[in-house]
Each structure stands twice: as structure tokens, then as C-alpha cells.
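So that you can map any letter, position 120 of the sequence shown is 116 in my numbering, and since no number is skipped, the others follow by simple counting. We put the beta carbon where it would ideally sit given N, CA and C, even for glycine.
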Amino acid sequence: MKDVLTIIMAGGKGQRLMPLTQDRSKPAVPFGGIYRLIDIPLSNCINSQLYKILIFPQYKSQSMVDHLEEGWNIFSGDLGHYLRIAAPQQRTGEQWYRGTADCVRQNLYLLERERPKYVLILSGDHVYKMDYAAFRQYHEENGADVSVGLLEVERSQASEFGIAEVDNDFRIRAWVEKPQDPKAIPDDPERSLASMGIYLFRTDLLLDLLTKSEDDDFGRDIIPKLIDDFKVFAYPYRRMNKIQDYIHMMDRDGVRRLQLVDGTRDSQYWRDVGTLDAYWNANMDLTGVDPFFNLYGSLWPIRTFQRQYPPAKFVFNQPDSNPPRVGSAVDSIVSPGCIISGGTVRSSVLSYKVTVRSWAEVDESVIMDDVEVGRYCKIKKAIIDKHNVIPPNTRIGIDPQEDRKRFHVTPRGIVVVPKRYFPAANG
-3 MKDVLTIIMA GGKGQRLMPL TQDRSKPAVP FGGIYRLIDI PLSNCINSQL YKILIFPQYK
57 SQSMVDHLEE GWNIFSGDLG HYLRIAAPQQ RTGEQWYRGT ADCVRQNLYL LERERPKYVL
117 ILSGDHVYKM DYAAFRQYHE ENGADVSVGL LEVERSQASE FGIAEVDNDF RIRAWVEKPQ
177 DPKAIPDDPE RSLASMGIYL FRTDLLLDLL TKSEDDDFGR DIIPKLIDDF KVFAYPYRRM
237 NKIQDYIHMM DRDGVRRLQL VDGTRDSQYW RDVGTLDAYW NANMDLTGVD PFFNLYGSLW
297 PIRTFQRQYP PAKFVFNQPD SNPPRVGSAV DSIVSPGCII SGGTVRSSVL SYKVTVRSWA
357 EVDESVIMDD VEVGRYCKIK KAIIDKHNVI PPNTRIGIDP QEDRKRFHVT PRGIVVVPKR
417 YFPAANG
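Here is the structure:
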């Protein structure tokens, strides 16, 4: 993989994730307790032995840049490895990036300087595990000029995506944006192939395309124009992607033991967390005995910047008091620095330094850094951004009509509390 240069698009405004993106770009949004969204594709790169990475930020990027500088300074220049953050420089004009292709065009000098054999283009805000080395192997076996990562989706949902129409060899023959009658996969009449925003280009072809055209976007503009004259192949992600790792399996005696499998269940997992409901769903997918997306794999780890907080603590064990006072968390992720002080947490994700006071209840919620949940609070199906001190007896997610008077409530009924909505008593 030494001859592959990876580009991660990390400039998304994330308008549909407001208010979480009020002060941060979409790839910088916290995820899974201790991570940020950009950690996911970066970890895929490292696990695929990709060590030449360019990150192209744009909007409200400072928190992401701080995170990358603190947690991803792991590359050896002596070995030719690097992670470079290339801020917009308006080298080709006075405009910001107009799309994915225009973003790369404005930074072509970085590709020309490196001259890799291939360029891999990724999004910085999707949740999935993908072996890019297998993707490259597939590309070469087909003699492809361009390969596109595509997700098998139900035809009933396919009209929301850019859809590739392929032949029996999975060579792309047509590309339609949000078709009313999506074409099915040849051997699977119930599903279509939807764009994941993942592209592998021959570098010489990519340089030629971007030099000679002014097209803004790969999926909308460039890929459809290449289909007739170049070999553009679909990579069916869910059937081809295999992540080897250890998982817990139940033996005949009912004991859970680690077993090595060639393809974990989350080898087929992919989410675009472009909406608040999708973001909440992705976090909920991390909880439970057998999570849909597993953060605990040993062979395919997810890296991040680890903050120096003490271990999580659970205090008060008074089940016979009236009312009972027991600090507990079940089917949940609880990050370092958290104190569950006589409260109850269920099916939730708690980031660093969250305190849940006595007799409070937190259910099916995402709680970000430095939040205190006061006594007797009831929090259900909520996303609470950082730096909030929630007063005792506050109810969030219990009465939708009352919630809408103060907060944004998603179509699914998830209540979103902005950063610092509940300030500390001392200001």
C-alpha cells in the first residue's frame, strides 16, 4: 500500500446535524464516548496499512485540527509516512470548495508532488470498517481505471442515493442520481447499489480529469462521464468487505469465548450520520451485548486521542433505601472520568467526565463531555452536548410538547440539547 495516497474530505458543514455542528465541523462531532467521527476512516487507513494521508478541512475545523494534532501524531517521516492537514488556500481562485472534485483540484499540487500510483478518496464522517487493501486488490484484479465503493440497499430506499447500474461483472454501465425506479443488482432483484463516496483512481487519470474539466463533484459529475470510455467498477461493499477479528461466541456449556472469524458482523455495517436521527442510531448501535458496530475488536482497533481522566466510578449501593439509591449502568458505554453517583444509566453512551446524580435516570441517550445530570432528572432518547449542568428534577424526552418549546426535536422524537444550554450555577 506504499503507492497509495489517501485523501479524506473533512470539510462538511453538517447543517442537518445542527446544533451539534454549531461550533465544529461534521467530522469533529464526538462519537462513541471517546471518539470523533474522523477517527473511523483514519483507523481504517492505519488498519489497511495506509500511511500517506491528506486531510482537507474547510468549515469550523479548529476542534478537529486540535484533535488530530493531539491524537494522531503517530507517523514516521523517516519511513515516508505522514498525515497532513491541508487547509483551503484558494490556490486556483477565490472560491471555497464547491464539491469533492473541486476540493481535490484545488490541491492538485500535493498529488503532483507525491505522484502515487493510486489515489483513494474518502469521506471523513461515515461510520464503518473497511479493508482498503482488499478494495485495491479488487481494483487491480479487474484492471479498473476507477473503482467505487457501493452499498447494497433495499430498492425501496434506493431513490435517496446516487445509484450505479452494473452488468454481471459489476462494471458500472450507468449512474443515476436519486432515481424514481432504481435498477436492481443483476443477481439480487431486491437491492440496488448506492454510492458510499469512496473512490480509488489511477493517479494519472485523476490528474488528467481534474486538469481538463471544471466539474465539481465525483459522484454527480465525473463518474457518470467516465463510464463509456474507461473501466469503472463497482465494489459491492457488503458482499466483498471482510474484517477478520475475534468475537465472543457461546459454547455448548453456555460460556462466551473468543473465536477468530474471517468476517465480523460489522464488516457489513455502514452509516452516513448526516442527520441527528442517524447520529443517535449509530451511537445506539454501539451498546448491548452484541453491538451492531463493535468498538472492542483487537485486530481492527479504532484509534483516537485518549484524554487523561481517571476510570469511571459507580457509587452508592443502597437498594433497600426508599427510594433505592444505586449507581448503575447497563447496556451502555461509560467513558473515563464519569461518576454514576446513585443514578441509573440504561442503553446510553456517556462521554468523558459525565456525572449522573442520585435517583436520576438516563435512558437511550448520548451524553457528551462535561455534563452533570442532577438529582431526580429523567432523560430519555436525548442528545446532550457538552458543558451542561442539568438542574435537579429536569425532564427531557418525556413530554414532546414541552420539549419542543425549548429544544430541537427530531422526526424520530430525539431531543437535542445544545452546548451550554444549562450553565453551571457559578456561570
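Residues that DSSP places opposite M192 in a beta bridge: DSSP, once it has assigned bridges, lists no residue as partnering M192.
Please name the residue, chosen from L33, G393 and V0, that lies closest to E136 on a Cα-to-Cα basis. Selected option, being the one with the closest Cα: V0.
Could you give the first and the last residue of the continuous beta strand (DSSP E) run that contains G333? No residue range can be given for G333, since it is assigned to no beta strand (DSSP E) and is classified by DSSP as neither H nor E.
Taking all protein chains shown into account, do 16 or more other C-beta atoms lie within 10 angstroms of the C-beta of P414, making it buried, or fewer, making it exposed? Label assigned to P414: buried.
Can the beta-carbon of I3 be found closer than 7 Å to that of L50? Yes, they are a contact pair.
Check whether the Cβ atoms of Y305 and Y348 lie closer than 7 Å to each other. The answer is yes: Cβ separation under 7 Å.
Please identify the residue among L107, T207, R94 and D35 whose C-alpha is closest to the C-alpha of K125. Per the Cα distances, D35.
Using only the alpha-carbon positions, how far apart do R234 and V123 sit? Linking R234 to V123 through their CA atoms gives a straight-line distance of about 14 Å.
Check this for me: beta carbons of D213 and A97, under 7 Å apart or not? Cβ distance < 7 Å, so D213 and A97 count as in contact.
For T207, is the classification buried or exposed, using 16 other Cβ atoms within 10 angstroms of its Cβ as the cut-off for buried? By the 10 Å Cβ count, T207 comes out exposed.
Within the same chain, show all residues whose beta-carbon is closer than 8 Å to that of E110, passing over the 5 residues directly before and after it, in chain order. Only L1 and K48 meet the Cβ criterion.
Please look up how many angstroms separate the CB atoms of V149 and R198, rounded, as I've assumed it's under 8 Å. With 8 Å as the limit, V149 and R198 do not qualify as a contact, their Cβ atoms being about 28 Å apart.
Outcome for D241 when other beta-carbon atoms lying within 10 angstroms are tallied against a minimum of 16: Looking at its Cβ environment, which holds 16 or more other Cβ atoms inside 10 Å, D241 is buried.
Could you tell me whether the region 296 to 310 touches the region 54 to 69, using the rule of 3 or more Cβ pairs below 8 Å? Contact holds: three or more Cβ-Cβ distances are below 8 Å.
On the criterion of 16 or more Cβ atoms from any shown chain inside 10 Å, does N164 qualify as buried, or is it exposed? Exposure of N164 is indicated by the presence of fewer than 16 other C-beta atoms within 10 angstroms of its C-beta.
With a 10 Å radius around its C-beta and 16 neighbouring C-beta atoms as the bar for buried, classify M60 as buried or exposed. Result: buried.
Considering just the uninterrupted stretch of the alpha helix (DSSP H) at Q58, what are its terminal residues? Where Q58 is concerned, the enclosing alpha helix (DSSP H) stretches over Q58 to G67.
Helix, strand or coil: which one does DSSP assign to I34? Three-state result, I34: coil.
At a cut-off of 6 Å, is R167 close to the ligand SAH when judged by its beta-carbon and the heavy atoms of the ligand? Among the ligands in the structure shown, none appear at all, so the ligand SAH cannot be discussed.
Assuming M192 and W266 form a contact by the criterion Cβ under 8 Å, report the distance between their Cβ atoms to the nearest whole angstrom. M192 to W266, Cβ: 6 Å. Contact.
In its own chain, which residues sit with a C-beta less than 8 Å from the C-beta of D141, not counting the 5 before and 5 after it? These residues qualify, in order along the chain: F197, R198, L201, L222, F226, K227 and V228.
Please state the DSSP three-state secondary structure of R342. Note: R342 maps to strand in three-state DSSP.
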